[in-house]
Structure formats: structure tokens, C-alpha cells
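A.B. asks: Have a look at this one before I ask anything.
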Amino acid sequence: MNSFGRPIDYLRISVTDRCNERCLYCRPHQYAGWQGTADGLTDTDLLRIARVAAELGFRKFRLTGGEPLLRPNLTGVVREMTRLAGVQCLGISTNGLKLPGLAAPLRAAGARTVNISLDALTPSVYRRITGGPVEPVLEGIRAALDARFEFVKLNTVLMRGVNEEELWPLIRFSSEHGIPLRLIELMPLTSRDVLTPANFLSVGEVIRWLRQREELVPQPDLRLGHGPAKYYRLAKSGAVVGFIGAMTNLHFCDTCNKMRLTADGRLRPCLGHHDELDLRDALAETESDEPLRRLFELAITNKPWEHAFREGFNPCRPMTAIGG
Ligand code: SAM
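Numbering-wise, the sequence shown is residues 1 to 324 according to our numbering.
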């Protein structure tokens, strides 16, 4: 199905709003809006929604959260979801903490790709950002590589005054392990204090800074997944770095193919708009999928052309519930 001529075929599903980290920009300790609603949808709900989405033309699915690996029976959900007709690719976004035990079972269940958040390598900086230790995440990255996912990618959120010094070590780490690194601009999610003029660091500034050290060769045809990253190869080190300029790239939404399912069962057509359609009544209707189908169609029809982050957006739900 299309919105403004864009095919909408990618569903990101927040399978839980629980998380075992407390990232500064996502779910800070002092955040009061946290309700702890936990896993709002049953496995049956998730699979039914994915089946209806696949019938409507969705082909790519990503399980996220919160921290998706905290959900009991995630492996079973992955196994069933990847068997649904029309599901071409299922990926997982994780902080990596539980990958040492779960990477191999998730891969065996049919997950094809894994994105791992890694905002710093220096243990004290990592702890300052997330509240926890980096070593188990590094172990999780090794486990994901051993499990032979089709792609393993690292995600780093850019924060001035917090992790600029980490960027070069992260680039070196990713090239040593042959893993693409994606640098993501901070977005105003969860609460207003998350993004301030003082902590925002644009991808443009990082590109200029990297160019002083190495030639950056654009890779316009490189598609590593289904998102909006623009990739470059660093000429000397061979590192592949993707830039996700959600705030500064004025064409960021031009190719948006996504819809989100929140942990409490709402369809959210755009991360940067508050509108959501509640699927719970439609899920209670067990005789027919028609109400669910209609809500999907409505969400796609109502998907805005672009996010409103640059227009004084006032977030009112935690990112962990919406799903990153
Ligand atoms: N727990 C998983 C993880 O760490 O990847 C999945 C959920 S997390 C919300 C998904 C992604 O959203 C992470 O890469 C995280 O860094 C990113 N994210 C969360 N809040 C953000 C913000 N305010 N701006 C930019 N990215 C954000």
C-alpha cells in the first residue's frame, strides 16, 4: 500500500516497553512518564497483527522495544512470524545485553538481521549514557557475529559533550569487526529535555570532522536493510559508516516506508507525530480481521508526509513504548 506514492511495507513492532538500560535520551532515571505497562500484546495478538500486515503488503518486520530480548518466548514469536506468508525479512533491534544467550536461538528461529545499540566503548562513558556496563554488550556483539546473521549493524546516537570522543574508537571497532556503524542524530523523543541545543550534534558536523582525518567515499547504492541511512566508506580504514540525519536532512522522510506498532497495541504512522490508531477493540473481534485491516488502511492513508520534529514537537510518550 502507498502513502504519497511511497510503498509502506515495513512494520516496527515494540514487543515490550520494559528495558534493562536507562539511556539518557530514551528512558532517563528521572523520567516520570514511565508507566511500566510491560508486554501489552499477547504472542497471539502480535502474530495476528503481523499476518494482517503481511496480507496488506508489509514485507519487512523489526522487533524492538523497550528491550525486545526481555520478552519471554521472543524466539517462539520470531519462529512463527517468519513463517507467515509474505514476511520476507525479520530483524531485531537490541541493546545486546542478552544476545550471548539468545543470538543463536534467534538466528535459528529465522531472524535475519540484528541492530545493536552501542553509544560508547569506554566503560565509564557507556555507563554514563545507559546506566550499565559495556562488556556484556561487546560479548553480545561477538555472539551475534558467531550466529551468522545476514547483517549485524551498530547504532550510535550522537551527543555533543557526551560521546564525540568515542566516535573514532567506534569506527575503528566496527571496521575491525567488519560491521557497519550508523550514526544517528538525537531526536526529541520521550521528553523535551532529551534534546537541547547544547547536546545536539549533527551528522553534517561529524562528516566534516571525519573528512579532516580520512576520505569519505559515498556509497549511494549500498542498501544495508530498509531504513534511511546514507552510507560512506572510509578510504583508509575501510569502515562503512551510515548517517541517519533525522533532524537536519530535509529529505529524510522522502522515502519513508515505515509504520510502528506500539507496545500497548496502537498503530503509529509516524514517529514524529502523535496520531495513533488503537487496535485493541479490533483485536477483541476474533471472528473477523476486517476491523484490523481497516485500521491499517486508515493508518496508511493518514501517514503524514514528514515528521514534525523541527516544529517544536512535544513528545508525550516514552520511546520504549513507541518502539525505536
Ligand atoms: N533496546 C533496543 C536498542 O537498544 O536498540 C531497541 C529499542 S531502542 C528505543 C531503538 C533505538 O532507538 C536505539 O538505537 C536507540 O539508540 C534509539 N533511540 C532512542 N531514543 C532516541 C532518541 N531520542 N534519538 C535518537 N535515537 C534514539
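Each residue gets a CB set at the ideal place from its N, CA and C atoms; glycine is no exception.
Please go through the same chain and pick out, in chain order, the residues whose beta-carbon is closer than 8 Å to the beta-carbon of T248, but skip the five residues on each side of it.
C.D. replies: E185, S202, V203 and G204
A.B. asks: Starting from S14, trace the beta strand (DSSP E) both ways and give me its first and last residue.
C.D. replies: Residues Y10 to T16.
A.B. asks: In whole angstroms, what is the alpha-carbon distance linking W34 and P318?
C.D. replies: Confidence at W34 is low in this model, with a pLDDT of 49, below 50, so the placement of that residue should be treated as unreliable; the coordinate-derived value is given next. Cα to Cα, W34 sits roughly 7 Å from P318.
A.B. asks: Using a Cβ-Cβ cut-off of 6 Å (strictly less than) and excluding sequence neighbours within five positions of R294, which residues of its own chain qualify?
C.D. replies: Within the same chain, R294 has no close Cβ partners at all.
A.B. asks: Shorter than 7 Å, the distance from the beta carbon of T262 to the closest heavy atom of ligand 1, or not?
C.D. replies: no
A.B. asks: Which ranges would you report for the beta strand (DSSP E) in the segment 53 to 96 if only whole runs of at least 3 residues count?
C.D. replies: 60 to 65 and 89 to 94
A.B. asks: Throw me the rounded Cβ distance for the G132 and E21 pair, which I believe falls under 8 Å.
C.D. replies: 5 Å
A.B. asks: What is the C-beta distance between K230 and G242, in whole angstroms, given that I count them as a contact (C-beta under 8 Å)?
C.D. replies: 7 Å
A.B. asks: If you draw a straight line from the C-alpha of D275 to the C-alpha of L90, how long is it?
C.D. replies: 25 Å
A.B. asks: Kindly examine ligand 1 and report whether one of its heavy atoms sits closer than 7 Å to the Cβ of L186.
C.D. replies: yes
A.B. asks: Rounded to a whole number of angstroms, what is the C-alpha to C-alpha distance between S3 and G227?
C.D. replies: 16 Å
A.B. asks: On the DSSP bridge list, what partners appear for T156?
C.D. replies: L183
A.B. asks: By Cβ distance, which residues of its chain are closer than 8 Å to G66, with the 5 residues on each side in sequence left out?
C.D. replies: S14, V15, T16, D17, R18, C19, A263, T320, A321 and G323
A.B. asks: Following the continuous beta strand (DSSP E) through L216, name the residue where it begins and the one where it ends.
C.D. replies: Per DSSP, L216 belongs to the beta strand (DSSP E) from L216 to P218.
A.B. asks: Are the beta-carbon atoms belonging to E166 and L121 less than 8 Å from one another?
C.D. replies: yes
A.B. asks: Roughly how many whole angstroms lie between the Cα atoms of P269 and F58?
C.D. replies: 13 Å
A.B. asks: Candidates F252, R260, E176 and S93: which alpha carbon is nearest L277's?
C.D. replies: R260
A.B. asks: For P188, which of C316, P220 and I49 has the nearest alpha-carbon?
C.D. replies: Closest option to P188, Cα to Cα, is C316.
A.B. asks: How far does the alpha helix (DSSP H) with L292 in it extend, from its first residue to its last?
C.D. replies: E290 to T301
A.B. asks: Determine the burial state of N115: buried for a count of at least 16 other Cβ atoms within 10 Å of its Cβ, exposed for fewer.
C.D. replies: buried
A.B. asks: Please tell me whether A50 and V87 are closer than 8 Å, where the distance is taken between their beta carbons.
C.D. replies: yes
A.B. asks: Measure the alpha-carbon distance for W209 versus E80 and round it to whole angstroms.
C.D. replies: 45 Å
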